[in-house]
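These notes concern the structure reproduced below.
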Amino acid sequence: MTILITGAAGRTSGYVIRTLLEGGTQPNVLCLFVRSEAAVEKLQAEYPQLPRCSFAIGDYLEPKSLSIAFQGVDIVFYNGPAFQSLETAMGIAAIEAAQRAAVKHFVYCSVLLPGLRKLSNHELKLGVEEYLAESGLNFTILQPTAYMQNFKVKDIVAKSVLAWGASTMIMKSFVDLQDLADIARLVILDPAPHNYDARYDVVGDRCSLEDVANTITCRAGLSGAVVCQQLLGVSADALQSDSALARLMI
4 MTILITGAAG RTSGYVIRTL LEGGTQPNVL CLFVRSEAAV EKLQAEYPQL PRCSFAIGDY
64 LEPKSLSIAF QGVDIVFYNG PAFQSLETAM GIAAIEAAQR AAVKHFVYCS VLLPGLRKLS
124 NHELKLGVEE YLAESGLNFT ILQPTAYMQN FKVKDIVAKS VLAWGASTMI MKSFVDLQDL
184 ADIARLVILD PAPHNYDARY DVVGDRCSLE DVANTITCRA GLSGAVVCQQ LLGVSADALQ
244 SDSALARLMI
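Residue numbering for the sequence shown follows my numbering, beginning at 4 and increasing consecutively.
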């Protein structure tokens, strides 16, 4: 079985790659799709067991490079570039490449509640989901909530402030990227039970930002409590980016 991981140099796909390589039962062939030679060098240093032929360099908007990368692939784990205005077009291009290559199963890492169109990254992913649902491919869609790793805990502990752009009392859910990677591995290595129109919400326990702040206070052994701070005038999109909290607390 040949597995292609897109966005291989990114954080989310990185968790999936490590989980596949370290999880015991490994794929026969693992291919990593990246967008630059620099990314190949970085990943080869991180995964020396993977030969150079395991890497494909291309562009999501260049059909030829996608066709080369997808050739002979059985399973695709697709995690598109975040916060790109052309994210929908990129996802559609990947789906079409999978169709041309007769890929057996397409796993798409989307987002929880993509119908929340006020968040641009949700709306863009919804377009990919719709196209995938009509593609005729066997597919599974993973819809993770916000990642726990988005919290820059060292910064929060140092400043005793957890900054957020919405009410800190609203109940939310967060998921550990490792949990998402474990679920992705299960689907990738045994896709048959998850064929066609399988969608999974990937979430954790419901909690408020106040709960998160209290947990950090207790686990870090702080003498004073971490204070939640609601930021005004910050767009929802800005808060979704990986480094948003760190930037906002400088």
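For each residue, glycine too, the CB sits at the ideal point set by N, CA and C.
Computed from a predicted model, the values in this text were never measured in an experiment.
Check your understanding: CB-CB under 7 Å to Ala101, same chain, minus the five flanking residues each way: which ones, in chain order?
Key -> The beta carbon of Ala101 lies closer than 7 Å to those of Phe73, Val79, Phe109 and Leu140 in the same chain, with the five residues before and after it left out.
**Study point:** Three-pair Cβ contact test at 8 Å for the stretch 181 to 194 versus the stretch 92 to 99
**Key:** No, they do not touch.
**Study point:** Inter-stretch contact (C-beta, 8 Å, three-pair minimum) for the stretch 184 to 204 and the stretch 110 to 117
**Key:** Judged by Cβ distances under 8 Å, the stretch 184 to 204 makes contact with the stretch 110 to 117, as three or more pairs qualify.
**Study point:** Where the alpha helix (DSSP H) through Lys162 begins and ends
**Key:** Val156 to Lys162 is the extent of the alpha helix (DSSP H) around Lys162.
Point to revise | Secondary structure of Ser16, DSSP reduced to three states | key: In the structure shown, Ser16 sits in a helix (DSSP, three-state: H, G or I).
Review point. Given a threshold of 16 other Cβ atoms within 10 Å of its Cβ, counted over all protein chains shown, does Leu116 qualify as buried or as exposed?
Key: Counting Cβ neighbours within 10 Å, Leu116 comes out exposed, since fewer than 16 surround it.
Point to revise | Neighbourhood of Gly26 by C-beta, 7 Å cutoff - its chain only, sequence neighbours within 5 removed | key: If we look at Gly26 and ignore the five residues flanking it on each side, its Cβ neighbours are Arg188.
Review point. Helix or strand or just coil, what does DSSP make of Gln181?
Key: Note: Gln181 maps to helix in three-state DSSP.
Point to revise | Runs of alpha helix (DSSP H) wholly within the stretch 191 to 234 (minimum 4 residues, chain order) | key: Listed in chain order, they are 212 to 223.
Review point. The beta strand (DSSP E) with Tyr111 in it runs from where to where?
Key: Per DSSP, Tyr111 is one residue of the beta strand (DSSP E) stretching across His108 to Cys112.
Check your understanding: With distances taken from CA atoms, which of Leu192, Ala85, Leu135 and Gly10 is nearest Arg202?
Key -> Nearest C-alpha to Arg202: Leu135.
Exercise for review: Could you give the DSSP three-state label for Val76: helix, strand or coil?
Suggested key: Val76: coil per DSSP, three-state reduction.
Review point. In the DSSP assignment, what are the bridge partners of Ala149?
Key: Phe177, per the DSSP bridge assignment.
Exercise for review: Taking 9 Å as the cut-off, decide whether the C-beta atoms of Val190 and Leu145 are in contact.
Suggested key: The answer is yes: Cβ separation under 9 Å.
Practice item. Label Ser16 either buried or exposed according to how many other C-beta atoms from any shown protein chain fall within 10 Å of its C-beta, with 16 as the threshold for buried. Key: Here Ser16 is buried. Its C-beta has 16 or more other C-beta atoms within 10 Å.
Check your understanding: At what residues does the alpha helix (DSSP H) containing Leu135 begin and finish?
Key -> That run of the alpha helix (DSSP H) goes Ser123 to Ala136.
Review point. Just how far apart, CA to CA, sit Gln47 and Met172?
Key: Within the model, the alpha-carbon separation for Gln47 versus Met172 is close to 44 Å.
Review point. Thinking just about the alpha-carbon of each residue, which of Val76, Ala59, Thr22 and Tyr150 is nearest to the one in Glu40?
Key: Checked all of Val76, Ala59, Thr22 and Tyr150; the closest Cα to Glu40 is Ala59.
Review point. For the beta strand (DSSP E) that contains Leu35, what are its first and last residues?
Key: Per DSSP, Leu35 belongs to the beta strand (DSSP E) from Val32 to Val37.
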